[in-house]
Structure formats: C-alpha cells, structure tokens
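**Student:** Line by line, the protein sequences are chains W and V.
Going from the first sequence to my numbering is simple: count from 1 and add 87.
Going from the second sequence to my numbering is simple: count from 1 and add 262.
Note that CB positions come from ideal geometry on N, CA and C, so glycine has one too.
Got a structure for you, questions after.
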Amino acid sequence: MFQPSPWRTDFPAIAALQRQHQTYLDSAATTQKPQALLDALSHYYGHGAANVHRAQHLPGALATQAFEGTRDKVAAWLNAADARQIVFTHGATSALNLLAYGLEHRFEAGDEIAVSGLEHHANLLPWQQLAHRRNLRLVVLPVTDQGHVDLEQALQLIGPRTRLLAISQLSNVLGTWQPLTPLLAHARAQGALSVVDGAQGVVHGRHDVQQLACDFYVFSSHKLYGPDGVGVLYGRQDALALLRHWQYGGEMVQMADYQSASFRPAPLGFEAGTPPIAGVIGLGATLDYLASLDVHAVAAHEASLHQCLVRGLADREGVRLLGSPEVALASFVIDGVHNADIAHLLTEQGIAVRAGHHCAMPLLRHLGLDGAIRVSLGLYSDSDDLQRFFEALDKGLELLR
Amino acid sequence: MNLSPEASQALEAFEQARGWEQRARLLMQWGDRLEPLGDSDKTETNRVHGCESLVWLVAVQDDGQWRFKAGSDARMLRGLLALLLVRVQGLASDQLAALDLSAWFTQLGLERQLSPSRSNGLHAVLLRMAELATQG
Numbered sequence: 088m089f090q091p092s093p094w095r096t097d098f099p100a101i102a103a104l105q106r107q108h109q110t111y112l113d114s115a116a117t118t119q120k121p122q123a124l125l126d127a128l129s130h131y132y133g134h135g136a137a138n139v140h141r142a143q144h145l146p147g148a149l150a151t152q153a154f155e156g157t158r159d160k161v162a163a164w165l166n167a168a169d170a171r172q173i174v175f176t177h178g179a180t181s182a183l184n185l186l187a188y189g190l191e192h193r194f195e196a197g198d199e200i201a202v203s204g205l206e207h208h209a210n211l212l213p214w215q216q217l218a219h220r221r222n223l224r225l226v227v228l229p230v231t232d233q234g235h236v237d238l239e240q241a242l243q244l245i246g247p248r249t250r251l252l253a254i255s256q257l258s259n260v261l262g263t264w265q266p267l268t269p270l271l272a273h274a275r276a277q278g279a280l281s282v283v284d285g286a287q288g289v290v291h292g293r294h295d296v297q298q299l300a301c302d303f304y305v306f307s308s309h310k311l312y313g314p315d316g317v318g319v320l321y322g323r324q325d326a327l328a329l330l331r332h333w334q335y336g337g338e339m340v341q342m343a344d345y346q347s348a349s350f351r352p353a354p355l356g357f358e359a360g361t362p363p364i365a366g367v368i369g370l371g372a373t374l375d376y377l378a379s380l381d382v383h384a385v386a387a388h389e390a391s392l393h394q395c396l397v398r399g400l401a402d403r404e405g406v407r408l409l410g411s412p413e414v415a416l417a418s419f420v421i422d423g424v425h426n427a428d429i430a431h432l433l434t435e436q437g438i439a440v441r442a443g444h445h446c447a448m449p450l451l452r453h454l455g456l457d458g459a460i461r462v463s464l465g466l467y468s469d470s471d472d473l474q475r476f477f478e479a480l481d482k483g484l485e486l487l488r
Numbered sequence: 263m264n265l266s267p268e269a270s271q272a273l274e275a276f277e278q279a280r281g282w283e284q285r286a287r288l289l290m291q292w293g294d295r296l297e298p299l300g301d302s303d304k305t306e307t308n309r310v311h312g313c314e315s316l317v318w319l320v321a322v323q324d325d326g327q328w329r330f331k332a333g334s335d336a337r338m339l340r341g342l343l344a345l346l347l348v349r350v351q352g353l354a355s356d357q358l359a360a361l362d363l364s365a366w367f368t369q370l371g372l373e374r375q376l377s378p379s380r381s382n383g384l385h386a387v388l389l390r391m392a393e394l395a396t397q398g
C-alpha cells in the first residue's frame, strides 16, 4: 500500500532529484532542506548581511537579533533551561573537538575515558587523541549483537577512574537507541562527565536535555534539515564553566592587550571568529518549520516506513542486517556479494544510498566487515522510494548472481 | 591514438552497449578476463589506498615498457581495472604520462566511475599510475 509523505512537497530538492531520476535514501549522511530554510537564507542575503554582536548599525542589529533568536529556538527545541547554554559551532565534529580540548586540563595520566564500541569517528577520535596527549586510558564499552551498549559490562567498566563518558544517542550504522538513562546515571554517580553525541538522535523525536541529565549534548544542523556548517553544543551550566577557551579571536574576547587577554564565558566565549551567521539563521527557520509539524504524525510515518524497510530487507535471501535497527536507517550486507558491487549497481539505477564504513571503521571491523550498505530515511521519504530501492536491489542481485 | 586489439575490442563493445544493464554485464565479463593475482602480488606495497574495496596494482617496467597487473575483491571494479589495463599495457613512461585516461573511460561511457567522490577506487588507481609514469 502506498504510503505518501505529507511533508514531501515542503522539500523542493526531492522533486528536483526525482527529475534527475534520483531516489534519495541517504538522509543519515545529510538531509534535504525545507523551503522555509531556503527562504530564510535568501531573505538574509537579499536584505542585507551584517556581522553579529559587534556593529551598532541597523543591519548588524537585525542580524544579531535573528542569530540570537535561533539560540532561543535551539534552547526550546532541546528544553535547555537557558539560551546561554547553547553554543554554536561549525558542526557536531567541531563541537566534540571543542570539548576534548576545552576539558583537557581536567585529566591526569591514568584517568579513564569511556566510549562505546559503536561511536562515529567524530565521537571517538577526539577522545582517543586526548588520551594519547595526556596518557589516559580509553575504555571501549562493548556492543551487543542487537547493537546496544552492553549495559551489564558497561556498568562494570565505568568506575571511579572514569572521568568522562562519551556516547552516541542513536547509532549511525545500526540505527539503535542506546540505553542512555542508566549509563548517564551511573557515570554521574562515579563522578564522570557525560557527553552525548546526538547527531543522529536529535533528528528523530524530541529530546529533553534536562531529563536526559547529560553534561553536554552535541548535534549538527545539516542532519536536522538545517544548513551545513553549523553545529550545536549544549552544556549544563556548571559543566560549561569547566571548559577552557580553545580558539581565539573575534567576539570571544573581553579585553585584549599585547601580552595578555581575557575572554568571555559561554556561549560567546566559545564562538571565536565570525560565526556561520546565515546558517544559524537558517537553522532557526528550520526549527520553526519542524516545530509546526505534528510530532506524532512524523514519528508514525517514520516508524511505518522503517518497518517496511527492515521487513523488505529481511525477506530477501542472503541479506544480513547489522544489529536490530529500531529507527531511521538499516545497514546490511549480502552473503557472497561485495558491497561495492551492490553500491555500483544501485548507483547505476539512481538509488542514492551510502556504502562503506560509515565513519565507524572500528565498529565495522568488530563486526568482521569491510563495509556495508546503509539505507536511511527522512521525513520526506515515502514508500515509493523504498519500492524503487528494492526493485533496484533485486535487479542488481539478479545481474550479479 | 593507437589502440591495442584488445582495447579496440573493448571500445567497440562498450560503444554498442545500450543502457546500464548491458554495460554492467560487459564490465563483469571484462572483470572475469582479468588475470587473477597471486598471493605474492597482494602486498601492502601494491595496495592502492583510498578505495573502499581492496585494490592492488602491480607495476613492472620491462625494457622501458610498463607491464601492469591488477586485482580487487570487488567484481565491478575488476572490470574497470581490466579496461584500464588494456589501454596502458606496454606503454613507455612518456606515453603513459601523455595518455588521457579519463578520455578513455569517457569513450567507454564510464566517465562517472572516475569521480573522486566515488568510493570504487578507480580514481585512486589512476593517481597511482600517474605517479608511476612520472617517476619512471
């Protein structure tokens, strides 16, 4: 039965891609953008660009107002208590690097950092490299066959030496929600700081950072239907106060002399240089758009399409799913068929999916794989997209076999 | 342009191919014709990085002429490698350096396989070949 997406026409690129015979099923990599965002960018650039926080003139005041308006909207989206807890970065990766440098002074040789075995490189390598710099031990929390952090083992591994836990909310390869509540509670009880990588999680459903009770939460705008080049770092007030400044220049400066300087607190103190102004304003427009949608209708649509995706894959001979995906995406391999060959034939047929290691090489190696194919959905996806994918997959397999 | 008999044969076959399906079948046929690599060829030195698949390129210069062998664990890529090798086999370094390989793949109707964003690795193999040509 055809399942349309009521929001499909809000995203003009979907129709444009369709005219080029492209079926876009790579939304976990980046999403298409709503018309509301295009309008906001065009309005900002068309009506007078200006730098923020530093000009007394009218265009500067308007830009600053719109820019700071987005900070309020992000705070509301995450239910942060105060907009000053929202720092704009250049992406989730840069937010995580900010944390790894900003918190470096808190670690001493022999301290431990815990990460899960399924982390995206962006939430692994900043901590791995910090561990190298400071002689720390990086503890990797094992992952079950279903694709969750093994809670029993994790609670053993996170102990008094653990100074920080960094973990994904939703796996970008396995599509599984991680058991954050018990993990974060345990980390807190051990006196460890917690960092949640919400890059995938923030896109599906609404999340309340106060309820999550994490110290830091990070996401990137472009996966949430917003512009690229913008990331968000939320921090608990006490946690933000722990951060040392790490990039210098621009409005993060309070007072500067030739030999010394003082810096602002968060958020501006961590937004060195000219921020991605248009992008931040665009993210605000995207959040307005998303907030106007019926959250239950979106969740139901995504759940039903995801079920259709997982079932369709499971029905096909030789297809092996990675973990037990719960939402938004599914990764798979096919017995006896190289994923590069499948990717090649899907591409030939205009199916845009991701093939390879998905920026999680250690996880793929742990699963004994060189790579996998990932199909991922957005709120504009519909059942015809999946049908075209399955037809192309069958055709490709027929050719290869 | 002096094409070897094999290269001419490839060009003719691909020029006549209609649609992606026929091209895919041809690629697989050409891949099957690629001489398999021995384990001694599959070394780290011969491995071409920058590919999602495993790719090896073995290059020896014999009396001023390049002799290549190549292999991959991915089937479509083996086909692309076979089509590459028929074009470059036996060339001297200056001939190899002067050769426009992207034009060759364009003639075959396979230009999209060369994009650096493609993870198939053909792009990385061509870069390696260009490196060899300038060193040799």
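Check the Cβ-Cβ distances between Asp294/V and every residue of chain W, and say whether any is below 8 Å.
**Tutor:** Numbered from 1 along the second sequence, position 32 holds the residue referred to as residue 294/V. It does not: the Cβ of Asp294/V has no partner Cβ on chain W nearer than 8 Å.
**Student:** Relative to the C-alpha of Gly281/V, which candidate in Ala439/W, Ala387/W, Asp375/W and Leu432/W has its C-alpha closest?
**Tutor:** Taking the second sequence and counting its residues from 1, one reaches residue 281/V at position 19. Nearest of Ala439/W, Ala387/W, Asp375/W and Leu432/W to Gly281/V, Cα basis: Leu432/W.
**Student:** Within the chosen definition, does the region 185-197 of chain W reach the region 152-165 of chain W through at least 3 CB pairs nearer than 8 Å?
**Tutor:** The answer is no - the region 152-165 of chain W does not touch the region 185-197 of chain W, with fewer than three Cβ pairs under 8 Å.
**Student:** State the start and end residues of the unbroken beta strand (DSSP E) segment that holds Ala279/V.
**Tutor:** Here residue 279/V is taken as the residue at index 17 of the second sequence, counted from 1. From DSSP, Ala279/V is part of no beta strand (DSSP E); its letter is neither H nor E.
**Student:** By the 10 Å Cβ neighbour count, where 16 or more other Cβ atoms means buried, how is Gly465/W classified, buried or exposed?
**Tutor:** Within the first sequence, numbered from 1, the residue matching residue 465/W stands at position 378. Classification for Gly465/W: buried.
**Student:** Which residues bound the beta strand (DSSP E) around Arg407/W?
**Tutor:** Here the question's residue 407/W lines up with position 320 in the first sequence. First-last of the beta strand (DSSP E) with Arg407/W: Val406 to Leu408.
**Student:** To be precise: take each residue of the region 426-437 of chain W, compare its Cβ to all Cβ atoms of chain V, and keep it if any distance is under 9 Å. Which residues remain?
**Tutor:** Asn426, Ala427, Asp428, Ala430, His431, Leu432, Thr434, Glu435 and Gln436
**Student:** For the region 348-362 of chain V against the region 316-334 of chain V, do three or more pairs of beta-carbon atoms, one drawn from each stretch, fall closer than 8 Å, so that the two count as touching?
**Tutor:** yes
**Student:** What whole-angstrom Cβ distance do Ala201/W and Leu223/W have, given they're in contact under 8 Å?
**Tutor:** Working through the first sequence from its first residue, we reach residue 201/W at position 114. Working through the first sequence from its first residue, we reach residue 223/W at position 136. Contact flag wrong, Cβ pair sits at about 11 Å.
**Student:** Taking Cβ-Cβ distances shorter than 7 Å, what residues in chain W pair up with Ala286/V?
**Tutor:** Here the question's residue 286/V lines up with position 24 in the second sequence. Ordered by position in chain W, the residues that pass the 7 Å Cβ test against Ala286/V are Leu432, Glu435 and Leu486.
**Student:** Are there 16 or more other CB atoms within 10 angstroms of the CB of Asp284/W, so buried, or fewer, so exposed?
**Tutor:** Position 197 of the first sequence, counting from 1, holds the residue named residue 284/W. Its Cβ being crowded by 16 or more others within 10 Å, Asp284/W is buried.
**Student:** What's the C-alpha gap between Lys310/W and Leu370/W?
**Tutor:** Here residue 310/W refers to the residue found at position 223 when the first sequence is read from its first residue. Here residue 370/W refers to the residue found at position 283 when the first sequence is read from its first residue. Straight-line Cα distance between these residues: approximately 11 Å.
**Student:** So, is Phe419/W buried or exposed, given that buried needs 16 or more other C-beta atoms within 10 angstroms?
**Tutor:** On the first sequence, position 332 is the one that residue 419/W refers to. It counts as buried.
**Student:** Given a cut-off of 8 Å, decide if Leu124/W and Gln314/W are closer than it, judged by their beta-carbon atoms.
**Tutor:** By one-based count along the first sequence, residue 314/W stands at place 227. By one-based count along the first sequence, residue 124/W stands at place 37. Strictly speaking, residue 314/W in this sequence is Pro, with Gln absent from that position. Yes, the Cβ-Cβ distance between Pro314/W and Leu124/W is below 8 Å.
**Student:** Using DSSP with H/G/I as helix, E/B as strand and the rest coil, what is Met88/W?
**Tutor:** Your numbering for residue 88/W matches position 1 in the first sequence. It is coil, neither helix nor strand.
**Student:** Considering only the beta carbon of each residue, do Leu353/V and Leu296/V sit closer than 8 Å?
**Tutor:** Position 91 of the second sequence holds residue 353/V. Position 34 of the second sequence holds residue 296/V. No; because the gap between Cβ atoms is not below 8 Å, this pair is not in contact.
**Student:** For Ala447/W and Gly147/W, I'd like the C-alpha separation in whole angstroms.
**Tutor:** Taking the first residue of the first sequence as 1, we reach residue 447/W at position 360. Taking the first residue of the first sequence as 1, we reach residue 147/W at position 60. Distance between the alpha carbons of Ala447/W and Gly147/W is about 41 Å.
**Student:** Between the beta-carbon of Phe303/W and the beta-carbon of Gly322/W, is there less than 8 Å?
**Tutor:** What you label residue 303/W is simply residue 216 of the first sequence in a count that begins at 1. What you label residue 322/W is simply residue 235 of the first sequence in a count that begins at 1. Cβ distance < 8 Å, so Phe303/W and Gly322/W count as in contact.
**Student:** Interface residues of chain W around Leu343/V at Cβ under 7 Å?
**Tutor:** Translated into positions along the second sequence, residue 343/V becomes position 81. Within chain W, no residue comes near Leu343/V; the closest Cβ sits about 12 Å away, beyond 7 Å.
**Student:** Looking only at C-alpha atoms, which of Gln287/W, Gln122/W and Arg461/W sits nearest to Ala372/W?
**Tutor:** Here the question's residue 372/W lines up with position 285 in the first sequence. Among Gln287/W, Gln122/W and Arg461/W, the Cα nearest to that of Ala372/W is on Gln122/W.
**Student:** Would Ala442/W pass as an interface residue toward chain V - the criterion being a Cβ-Cβ separation below 8 Å?
**Tutor:** For the purposes of this step, residue 442/W is taken as the residue at position 355 of the first sequence. At least one chain V Cβ lies under 8 Å of Ala442/W.
**Student:** Along chain V, in chain order, which residues have C-beta atoms closer than 7 Å to that of Gly405/W?
**Tutor:** Residue mapping note: residue 405/W aligns to position 318 of the first sequence, counting from 1. Simply none; closest approach about 15 Å.
**Student:** Between Trp318/V and Gly341/V, which are expected to be in contact by the criterion C-beta below 8 Å, what is the C-beta distance as a whole number of angstroms?
**Tutor:** Taking the first residue of the second sequence as position 1, residue 318/V is located at position 56. Taking the first residue of the second sequence as position 1, residue 341/V is located at position 79. Actually they are not in contact, since the Cβ atoms of Trp318/V and Gly341/V sit about 16 Å apart, beyond 8 Å.
**Student:** So for Val230/W, helix, strand or coil by DSSP?
**Tutor:** Residue mapping note: residue 230/W aligns to position 143 of the first sequence, counting from 1. Residue state, collapsed to three classes: strand.
**Student:** Measuring alpha carbon to alpha carbon, tell me which of Thr96/W, Ala100/W, Thr117/W and Gln90/W ends up nearest Arg461/W.
**Tutor:** Position 374 of the first sequence holds residue 461/W. Taking each of Thr96/W, Ala100/W, Thr117/W and Gln90/W in turn and checking the Cα distance to Arg461/W, the smallest one comes out for Thr117/W.
**Student:** Have a look at Ser129/W, Ala167/W and Arg250/W and flag the residue whose alpha-carbon is nearest the alpha-carbon of Gln32/W.
**Tutor:** For residue 32/W there is no data in the structure shown, the boundaries of chain W being 88 and 488.
**Student:** Can you name the residues of chain W whose CB is closer than 9 Å to the CB of Arg337/V?
**Tutor:** Along the second sequence, read from residue 1 onward, the residue named residue 337/V stands at position 75. Near Arg337/V (Cβ distances below 9 Å), the residues of chain W are Val424, His425, Ala427, Asp428, His431 and Leu487.
**Student:** Using the three-state DSSP reduction, which class does Trp94/W fall into: helix, strand or coil?
**Tutor:** Your numbering for residue 94/W matches position 7 in the first sequence. Three-state result, Trp94/W: coil.
**Student:** According to DSSP, is Ile254/W helix, strand or coil?
**Tutor:** What you label residue 254/W is simply residue 167 of the first sequence in a count that begins at 1. Reduced to three states, the DSSP call for Ile254/W is strand.
**Student:** With a cut-off of 8 Å, does the C-beta of Glu373/V fall near any C-beta of chain W?
**Tutor:** On the second sequence, residue 373/V is found 111 positions in, with the first residue counted as 1. Glu373/V is outside the set of residues whose beta carbon lies under 8 Å from a beta carbon in chain W.
**Student:** Who are the Cβ neighbours of Gln216/W in its own chain at under 8 Å, not counting the five residues just before and after it?
**Tutor:** Start at 1 with the first residue of the first sequence, and residue 216/W comes out as number 129. Exclusion of the five residues before and after Gln216/W leaves Ala187 as the residues of its chain whose Cβ lies within less than 8 Å of its Cβ.
**Student:** Given a threshold of 16 other Cβ atoms within 10 Å of its Cβ, counted over all protein chains shown, does Pro91/W qualify as buried or as exposed?
**Tutor:** Residue numbering aside, residue 91/W sits at position 4 when the first sequence is read from its first letter. Label assigned to Pro91/W: exposed.
**Student:** Using a Cβ distance threshold of 8 Å, determine whether the region 357-368 of chain W contacts the region 167-177 of chain W, with at least three qualifying pairs required.
**Tutor:** yes
**Student:** As an exercise, report each continuous beta strand (DSSP E) stretch of at least 3 residues that is fully enclosed by the region 296-338 of chain W, in chain order.
**Tutor:** Counting whole runs of 3 or more residues, the region 296-338 of chain W contains the beta strand (DSSP E) stretches 303-307 and 318-322.
**Student:** Pick out whichever of Ala395/V, Met391/V and Leu345/V has its Cα sitting closest to the Cα of Ala272/V.
**Tutor:** The sequence position of residue 272/V within the second sequence is 10, counting from 1. Comparing Cα positions, the closest option is Leu345/V.
**Student:** Considering only C-alpha positions, which residue in the set Asp113/W, Phe89/W, Pro99/W and Asp97/W is nearest to Gly437/W?
**Tutor:** Sequence index remark: in the first sequence, residue 437/W carries index 350 (1-based). The shortest C-alpha separation from Gly437/W is found at Asp113/W.
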